[in-house]
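In the working numbering, the protein residues as written are 1 to 325.
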Amino acid sequence: MMAAARMLRRGQSRATGVGSWGNGEEPAPPGNQEVAAESRKSHRPVKRQRKAQRLHVAYEDSHGEKSEGAEPLAVTVWEPQDWCQQLANIRTMRNRKDAPVDQLGAEHCCDPSAPPKVQRYQVLLALMLSSQTKDQVTAGAMQRLRAQGLTVNRILQTDDNTLGKLIYPVGFWRVSLAHGDRAGVTLAWQRHRRQRSKVKFIKQTSAILQQRYDGDIPASLAELVALPGVGPKMAHLAMAVAWGTVSGIAVDTHVHRIANRLRWTRRMTKSPEETRAALEEWLPRELWHEINGLLVGFGQQICLPIHPRCQACLNQALCPAAQSL
1 MMAAARMLRR GQSRATGVGS WGNGEEPAPP GNQEVAAESR KSHRPVKRQR KAQRLHVAYE
61 DSHGEKSEGA EPLAVTVWEP QDWCQQLANI RTMRNRKDAP VDQLGAEHCC DPSAPPKVQR
121 YQVLLALMLS SQTKDQVTAG AMQRLRAQGL TVNRILQTDD NTLGKLIYPV GFWRVSLAHG
181 DRAGVTLAWQ RHRRQRSKVK FIKQTSAILQ QRYDGDIPAS LAELVALPGV GPKMAHLAMA
241 VAWGTVSGIA VDTHVHRIAN RLRWTRRMTK SPEETRAALE EWLPRELWHE INGLLVGFGQ
301 QICLPIHPRC QACLNQALCP AAQSL
């Protein structure tokens, strides 16, 4: 009986040793817990502690100031291969500054002795006249207009027929008709249509400038683009030349063509505006002010639309399009 009682008490003691902590039962002896924990660890797969990564974002308040303690978010930006060397080579090829754009560009067509407001108006008109027109033709038209007095009031007082003759000489049109040159007549007719459109746009824009801006030109890109006959390229150049503000990259046919030949866009672009957006995604902003003049002159002298002079180009080995041209 006594032996049986001892066996019973020993069994109860063991039973209470495996009870849970929340039922008021006493825990197992420390020695047994440590052994059990070690046993569980030995059968449990080891998990690596992953280091948490912090994402730093620079927030701006309503005044454009960065939040205190914030760090800029690192963003990987695509850029074309060898573009730095290509640009350096273009600068070398353009160091003489002897392309038509260097002597006859919009900034050279205004009267330096005129009041600033008149100079800005003349810059805008030169840009409007330069659309699909060679710099030599634009410069000649500006000379004739300046000889008549190139101000907003003077343009509005000039009848359309006289203005048309001033902005584009009619001699080519007459010669083409006289010689029965079909291709020449077609080209002359296209130019004649552009001439009439430019006359209309110049008159409309001049009227708006007189009514809304006291004869001056707008100082914002949005207002410039809203003017009749003023496209994005003209507006960006007007901001840079007339107001000294770099608002974006001015892309014309030369810049559009060369950027695609050098693969300065992530994919081939179909329009100057598409090229502008693609270039502004990666080209450092401090280069925006010079890229138009560099590439336009380069396109006028070496990287021609037809039969480019690749043999004379320092980028021949770096140009993806050189082998196929």
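Cβ coordinates follow ideal geometry from the N, Cα and C atoms, glycine included.
Anticipated Cβ contact below 8 Å, residue i with residue j, distance rounded
{"i": "L283", "j": "C319", "result": "Their Cβ separation, rounded to whole angstroms, is 17 Å, which puts L283 and C319 out of contact at 8 Å."}
{"i": "V118", "j": "T151", "result": "6 Å"}
{"i": "M128", "j": "K200", "result": "Contact flag wrong, Cβ pair sits at about 11 Å."}
{"i": "V101", "j": "V296", "result": "5 Å"}
{"i": "L287", "j": "C310", "result": "In fact, because the Cβ distance is near 24 Å, the residues do not count as touching under 8 Å."}
{"i": "R285", "j": "P232", "result": "Actually they do not touch by this definition, with Cβ atoms about 17 Å apart."}
{"i": "L314", "j": "T92", "result": "6 Å"}
{"i": "L224", "j": "A235", "result": "4 Å"}
{"i": "L156", "j": "Q210", "result": "7 Å"}
Coil, strand or helix - residue i by DSSP
{"i": "E26", "result": "Residue placement at E26 is poorly supported in this model, since its pLDDT is 42, which falls under 50; the coordinates still yield a value, given next. Three-state result, E26: coil."}
{"i": "C110", "result": "coil"}
{"i": "L304", "result": "coil"}
{"i": "S197", "result": "helix"}
{"i": "A322", "result": "coil"}
{"i": "D216", "result": "coil"}
{"i": "Q157", "result": "helix"}
{"i": "A317", "result": "coil"}
{"i": "E290", "result": "helix"}
{"i": "N95", "result": "coil"}
{"i": "P272", "result": "helix"}
{"i": "W83", "result": "helix"}
{"i": "S206", "result": "helix"}
{"i": "R146", "result": "helix"}
{"i": "Y121", "result": "helix"}
{"i": "K134", "result": "coil"}
{"i": "W328", "result": "Coverage of the chain is limited to positions 1 through 325, which leaves residue 328 absent and any answer about it impossible."}
{"i": "P115", "result": "coil"}
{"i": "P100", "result": "helix"}
{"i": "G229", "result": "coil"}
{"i": "I328", "result": "Examination of residue 328 is not possible in this model, given that the chain is present from 1 through 325 alone."}
{"i": "A222", "result": "helix"}
{"i": "E280", "result": "helix"}
{"i": "V77", "result": "coil"}
{"i": "R309", "result": "coil"}
{"i": "R285", "result": "helix"}
{"i": "V251", "result": "coil"}
{"i": "G299", "result": "helix"}
{"i": "G164", "result": "helix"}
{"i": "G140", "result": "helix"}
Top-ranked residue by Cα proximity to residue i, from the options
{"i": "Q86", "options": "I306, I291 and L325", "result": "I291"}
{"i": "L279", "options": "H289, H236, T265 and H307", "result": "T265"}
{"i": "V241", "options": "L124, S197, V118 and Q210", "result": "L124"}
{"i": "A312", "options": "I90, D82 and S220", "result": "I90"}
{"i": "Q103", "options": "A222, Y121, Q211 and T138", "result": "T138"}
{"i": "A219", "options": "Q81, Y121 and R194", "result": "Y121"}
{"i": "D214", "options": "A250, D82 and P116", "result": "P116"}
{"i": "K270", "options": "T253, E281, I208 and K203", "result": "T253"}
{"i": "M239", "options": "A321, S206 and I217", "result": "I217"}
{"i": "Q195", "options": "L156, N161, G105 and R285", "result": "N161"}
{"i": "R342", "options": "T133, K97 and P100", "result": "Nothing in the structure corresponds to residue 342, since the chain is present only between 1 and 325."}
{"i": "L221", "options": "F201, K198 and I249", "result": "I249"}
{"i": "D98", "options": "R154, G229, S130 and G299", "result": "G299"}
{"i": "S113", "options": "Q157, N153, Q316 and G149", "result": "G149"}
{"i": "V321", "options": "I202, H289, M268 and L227", "result": "Per the sequence shown, the amino acid found at residue 321 is Ala instead of Val. Ranking I202, H289, M268 and L227 by Cα distance to A321 puts M268 first."}
{"i": "S130", "options": "Q210, V230 and I155", "result": "V230"}
{"i": "T158", "options": "D135, L237 and K203", "result": "K203"}
{"i": "T205", "options": "E79, L227 and E281", "result": "L227"}
Within-9 Å CB hit, residue i to chain C
{"i": "Q323", "result": "In the displayed structure, chain C is absent; only one protein chain is listed."}
Point to revise | Segment contact, 8 Å Cβ cut-off, at least three pairs: the stretch 232-248 with the stretch 156-165 | key: By the criterion of at least three beta-carbon pairs nearer than 8 Å, the stretch 232-248 is not in contact with the stretch 156-165.
Exercise for review: Assess, as a yes-or-no matter, whether the stretch 296-303 is touched by the stretch 249-258 under the definition of 3 or more beta carbon pairs within less than 8 Å.
Suggested key: By the Cβ criterion, the stretch 249-258 is in contact with the stretch 296-303, since at least three pairs of Cβ atoms, one from each stretch, lie closer than 8 Å.
Review point. Quick one: any contact between the stretch 100-111 and the stretch 133-144, if contact means 3 or more CB pairs under 8 Å?
Key: In short, these stretches touch, since the Cβ pair count reaches three.
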